[in-house]
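Read through the structure below, which is laid out as structure tokens, and then see the notes.
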Amino acid sequence: MTISAPLLDPDGPSGLRVVRASAWYDLVVTAGFATPWTYALVHDLLSSWSRAWELGTFPQADPIQTLFANLMGSVVIVWAVLRLVRPLAVHGLLDGVARALFTAWMGYALAQGAPGVLWPFLGVEAAWGVAQLLPWLRSAPWPRRGRHPAPARDTALGRLPKR
86 MTISAPLLDP DGPSGLRVVR ASAWYDLVVT AGFATPWTYA LVHDLLSSWS RAWELGTFPQ
146 ADPIQTLFAN LMGSVVIVWA VLRLVRPLAV HGLLDGVARA LFTAWMGYAL AQGAPGVLWP
206 FLGVEAAWGV AQLLPWLRSA PWPRRGRHPA PARDTALGRL PKR
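In our numbering, the protein residues as written are 86 to 248.
Below you can see the structure in the form of structure tokens.
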């Protein structure tokens with residue numbers, strides 16, 4: 086079974102819908118991390134879920150942990166708003182790379198004994214990363230068996246050149 090080219094076009098409507106949808110997900114999931122007061126609530130909620138599901142315990146929140154949570158939440162919210170207001174194909178590429186990094190660091194944390202409540206978040210991050218990187222990998226200009234290389238992209242905009 087082959088997937089049609091328009092479905093995997095980073096510049097196409099479906100590619101930009103994925104960029105927007107991932108931005109909405111980020112807003113919903115990370116908004117609570119953006120301030121010390123909302124982070125305290127999110128921390129308590131995640132701690133409760135982790136205990137209830139017997140997935141490990143969270144450490145007590147401290148000022149440094151709260152600071153880094155707030156920095157992450159603030160940056161992710163700004164990044165999400167950009168992708169909602171001005172979605173571009175290259176934003177999907179960059180977001181996919183960021184999600185690969187987030188997935189790697191969540192996996193590392195889990196390997197170091199972090200609470201298992203991270204597993205669903207790791208799964209969602211990996212899925213968004215694949216959804217946003219796969220179109221770029223499929224349209225990359227490297228030779229593939231029995232196929233001609235894809236056209237080169239305008240590296241500044243991440244778009245195919247106009248003809």
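Note that the Cβ used here is the ideal one computed from N, Cα and C, for glycine as well.
CB-CB length for residue i against residue j, believed under 8 Å
{"i": "L169", "j": "R105", "result": "6 Å"}
{"i": "Q217", "j": "S107", "result": "7 Å"}
{"i": "W118", "j": "S132", "result": "First, the residue type needs correcting, since residue 118 is Phe and not Trp in the sequence shown. Actually they do not touch by this definition, with Cβ atoms about 14 Å apart."}
{"i": "V202", "j": "W138", "result": "7 Å"}
Reduced DSSP category for residue i - H, G, I as helix; E, B as strand; rest coil
{"i": "F118", "result": "helix"}
{"i": "A194", "result": "helix"}
{"i": "G141", "result": "coil"}
{"i": "L173", "result": "coil"}
{"i": "A199", "result": "coil"}
{"i": "G100", "result": "helix"}
Closest residue to residue i among the options (Cα-Cα distance)
{"i": "V161", "options": "S133, P220, Q197, T120", "result": "T120"}
{"i": "A165", "options": "F153, A154, L179", "result": "L179"}
{"i": "G208", "options": "Q197, P144, A185", "result": "A185"}
{"i": "W190", "options": "S99, R171, V175, E210", "result": "E210"}
{"i": "S159", "options": "G214, W204, P220, Y124", "result": "Y124"}
{"i": "L112", "options": "L195, M157, D147, A174", "result": "M157"}
{"i": "N155", "options": "S99, G214, W122, H176", "result": "W122"}
{"i": "G177", "options": "L222, G141, V127, A116", "result": "L222"}
{"i": "A146", "options": "P220, L219, L126", "result": "L126"}
{"i": "L152", "options": "H128, L173, L140", "result": "H128"}
{"i": "V114", "options": "V215, S224, F206", "result": "F206"}
{"i": "V215", "options": "A194, V182, P148", "result": "V182"}
{"i": "A199", "options": "L140, L167, S99", "result": "L140"}
Limits of the alpha helix (DSSP H) - the one that residue i falls within
{"i": "A216", "result": "203 to 223"}
{"i": "F153", "result": "148 to 170"}
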